[in-house]
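In numbering that gives the first Met the number 0, the protein residues as written are 0 to 600.
What follows is a single structure, written as structure tokens, with notes after it.
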Amino acid sequence: MTIRQLSETLINQIAAGEVIERPASAAKELIENALDAGATRIEIATAGGGKTLLRVTDNGGGMAPADLEMAIRRHCTSKLDTDLLDIRTLGFRGEALPSIGSVAKLSLLSRTAEAGEGAEISVTGGKVVPVRPAAANRGTVVEVRDLFFATPARLKFLKSEKAEASAISDVVRRMAIAFPHVRFVLSGSDRTTLEFPATGTDRLARIAQVLGRDFRDNAIEIDAEREGVRLTGFAGVPTFNRGNSLNQFAFVNGRPVQDKLIWSALRAAYAETIPHGRYPVAVLAIEIDPALVDVNVHPAKSDVRFRDPGLVRGLIIGAIREALAREGDRASTTGASGLMRAFRPEAARPAAAWTPSASPYRPFESATASPTAFRGQQAGFAEFAAPSARGEPAFTPSPSIREEEPPQRHPLGAARAQLHENYIVAQTEDGLVIVDQHAAHERLVFEAMREALHARPVPAQALLIPEIVDLPEDDCDRLVSHAEEFARLGLGIERFGPGAVAVRETPAMLGEMDAAGLIRQLADELAEWDTASGLKARLEYLAATMACHGSVRSGRRMRPEEMNALLRQMEATPGSGQCNHGRPTYIELKLSDIERLFGRS
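Now the structure itself:
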């Protein structure tokens, strides 16, 4: 079979299959070029979800006519000289423009600040129209029409116009967060205008533009450094979570990335604080020496490889957990918003709840009926009948606190009442707090058990017959190097020949277990992350289950001193803002919100 050289057009079309997967990929490449050119204003216009039209206009440095000719040639770039280990720009491969020109109708209009006029060049399906003079403002306008018209097979695999437009919006949002000093405008016939005004150095203000004002109120600032790697950004409190991972953003040296290691570390950092199937909201920026990270993994440049992945993973987990321990116990403001909606008259059921003439209201009357009589009514905030009419008071008051104690200067205030034998109502200096007594005590018990696990070795049970697990020699070496750590967790292992490990002890807390499966899981974790958290996670999961069954049950009446003791313990315990399953343990309502409900402000 004869070997022959492919044509330049065909080479570019093959490259386009990797670099330009969809209109959003083209938008990303063009926006990166504009940012590398020093633009402070970038406007993106689309039609047909970017398939019919994609235009990116910037006020950057612009290009001279000779540079325009080079820009559409493969592997021509102004951003890379000879050192692939010192990449400080977003683009560097020199593939985007020739790839787009090979599968679409591409035109570039540009003018530098020094030039008296601009220049334009166009490429249609790989065929170049020479540079010609043109009127232009300073900067560059790149217009892409009929994307993939030259490769109809690829065009068939694109999604609907709405889906493609949404993908472009996601690209713009990520770029906007990474570069708060740049103004972004996204518009088109298929969308309303999306605009992000420049916020200068105030990154949180830009993040609030993208994620909404709620994030500003529920964000914890992160700033940590370890061995020359710095992590900055903002992480949402655990109770401020979402049903998908679309609100998670990561950047490496200003480059938006989709990296498995970072997402894995983020999940680990929020372990046991967020319910299964829910995702934290976070914006993380990693600053690292370019020589210690490889961004040339894939033509799309969304994947990176760290020289020391364990260092980066440990930094992310440690920094977020420290931030959550410091400030993460506060309730999400979205909980208060939901409470406000529940209180509003328009949300109330219109049916008559109680009539003063039919059932006189006698507050805090002694109950004579069964304690479960009222609870079975499933009453909401707007559905309270007179307590005496239902057979039991709706509140269990705390008269000693109510009569004798002033509002205490504690974050969770002083207990005033118990609602439905499950919710503690506490008064703070500037509002009130409603606490789920079962969820709160569950977290306190779990933290005490976890502290006990970490403070002393976990009891182990010896196996009558050691279990031999066959593994590759490299996995055995990694496991044995962590044998001392495993021993503190109740797992006793030792080498058994060149390709096997003998398990002699397992944690007593776990009872009968699949020792071989656990060892293989730990070996996989060590191979990928150089850390083995699976065993500790199992022990902590068991502790969480025991805490759930051993905590104060819903429906139990508590004395005033018990309620206040629970509040004080919550204030002193890290992570008490949510239970072991990630649900909030309390909701805070400010006095200004209450006054607004009554039209007093």
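Just so you know, even glycine gets a beta-carbon here, dropped at the ideal spot from N, CA and C.
Between which two residues does the beta strand (DSSP E) carrying residue i extend?
i: Gly232; result: Val228 to Gly235
i: Gly491; result: Gly491 to Arg494
i: Ala299; result: Segment: none, Ala299 is in no beta strand (DSSP E) and carries neither H nor E.
i: Pro255; result: Arg254 to Val256
i: Arg225; result: Ala218 to Arg225
Where does residue i fall in DSSP's three states?
i: Glu171; result: It is Val, not Glu, that sits at residue 171 in the sequence shown. Three-state result, Val171: helix.
i: Val140; result: strand
i: Arg582; result: coil
i: Asp429; result: coil
i: Thr354; result: Reliability fails at Thr354, whose pLDDT of 42 lies under 50, so the model's placement of it is uncertain and the value that follows must be treated cautiously. Three-state DSSP puts Thr354 in coil, outside helix and strand.
i: Thr614; result: Examination of residue 614 is not possible in this model, given that the chain is present from 0 through 600 alone.
i: Gln577; result: strand
i: Pro279; result: strand
i: Phe485; result: helix
i: Thr8; result: helix
i: Phe178; result: coil
i: Ile593; result: helix
i: Leu245; result: coil
i: Val479; result: helix
i: Asn240; result: strand
i: Ala413; result: strand
i: Leu443; result: helix
i: Ala197; result: coil
i: Pro506; result: strand
i: Ala347; result: In this predicted model, Ala347 has a pLDDT of only 43, less than 50, meaning its place in the structure is not dependable; the value taken from the coordinates is given anyway. Ala347: coil per DSSP, three-state reduction.
i: Ser186; result: strand
i: Arg401; result: Bear in mind that a pLDDT of 44 at Arg401, under 50, signals an unreliable position, so the number given afterwards is only what the model happens to contain. Arg401: helix per DSSP, three-state reduction.
i: Ile13; result: helix
i: Glu603; result: This structure does not reach residue 603, given that the chain is present from 0 up to 600, and the question cannot be answered.
i: Glu472; result: helix
i: Ile423; result: strand
i: Glu163; result: helix
i: Glu271; result: coil
i: Leu146; result: coil
i: Glu511; result: coil
i: Arg449; result: helix
i: Arg519; result: helix
Alpha carbons only, please: which of the options is nearest the one belonging to residue i?
i: Thr56; options: Val184, Val294 and Thr191; result: Val184
i: Arg555; options: Arg325, Ala38, Ile423 and His180; result: Ile423
i: Ala166; options: Pro506, Leu245 and Glu68; result: Leu245
i: Leu120; options: Ile593, Leu590, Leu67 and Thr427; result: Residue 120 is actually Ile in this sequence, not Leu. If we check each option's Cα against that of Ile120, Leu67 comes out closest.
i: Thr139; options: Pro64, Gly48 and Ala413; result: Pro64
i: Ala114; options: Ala133, Thr200 and Gly574; result: Ala133
i: Gln436; options: Thr45, Ala322, Arg503 and Ala564; result: Ala564
i: Glu271; options: Asp293, Pro458, Ile315 and Thr238; result: Thr238
i: Ile30; options: Arg172, Val282 and Gly498; result: Arg172
i: Leu89; options: Arg73, Gly60 and Ala36; result: Ala36
i: Ala268; options: Lys259, His275, Asp258 and Pro279; result: Pro279
i: Val294; options: Leu323, Asp258 and Arg320; result: Asp258
i: Arg266; options: Gly313, Ala23, Gly227 and Asp169; result: Gly313
i: Phe147; options: Arg202, Ile206 and Asn11; result: Asn11
i: Ile219; options: Gln208, Gly232, Val209 and Gly227; result: Gly232
i: Ala249; options: Arg558, Ala281, Ala204 and Glu7; result: Ala281
i: Ser24; options: Asn58, Glu163 and Gln4; result: Glu163
i: His409; options: Ile319, Gly510 and Leu566; result: Leu566
i: Pro255; options: Glu28, Ile492 and Arg599; result: Glu28
i: Ala514; options: Leu323, Thr76 and Glu466; result: Glu466
i: Gly117; options: Lys126, Gly125 and Arg131; result: Arg131
i: Ala501; options: Glu511, Ala482 and Val434; result: Ala482
i: Glu524; options: Met557, Arg487 and Asp474; result: Asp474
Residue range of the alpha helix (DSSP H) that residue i falls in?
i: Val209; result: Arg202 to Leu210
i: Ala290; result: Per DSSP, Ala290 belongs to no alpha helix (DSSP H) and is neither H nor E.
i: Arg325; result: Pro308 to Glu326
i: Ile467; result: Ile467 -> not in any alpha helix (DSSP H); beta strand (DSSP E) instead, spanning Ala459 to Asp469.
i: Arg567; result: Pro559 to Ala571
i: Arg266; result: Lys259 to Ala268
i: Ala642; result: As shown, the chain starts at 0 and ends at 600. That puts residue 642 outside it, with no answer to give.
Under 8 Å, Cβ to Cβ, is there at least one residue of chain D near residue i?
i: Gln247; result: No chain D is part of this structure, which consists of one protein chain only.
Counting beta carbon pairs with one atom in the region 580-590 and one in the region 421-436, are three or more of them shorter than 8 Å? yes
Taking only runs of the alpha helix (DSSP H) that begin and end inside the region 84-137, which ones reach a length of at least 4 residues, in chain order? 95-102
Examine the Cβ distances between the region 444-461 and the region 470-484 and report whether three or more of them are shorter than 8 Å. no
Any contact between the region 501-513 and the region 457-474? By contact I mean 3 or more CB pairs, one from each, below 8 Å. Because the criterion of three Cβ pairs below 8 Å is met, the region 501-513 and the region 457-474 touch.
Go through the region 36-82 residue by residue and report every complete run of the alpha helix (DSSP H) that reaches 4 residues or more, in order. 64-70
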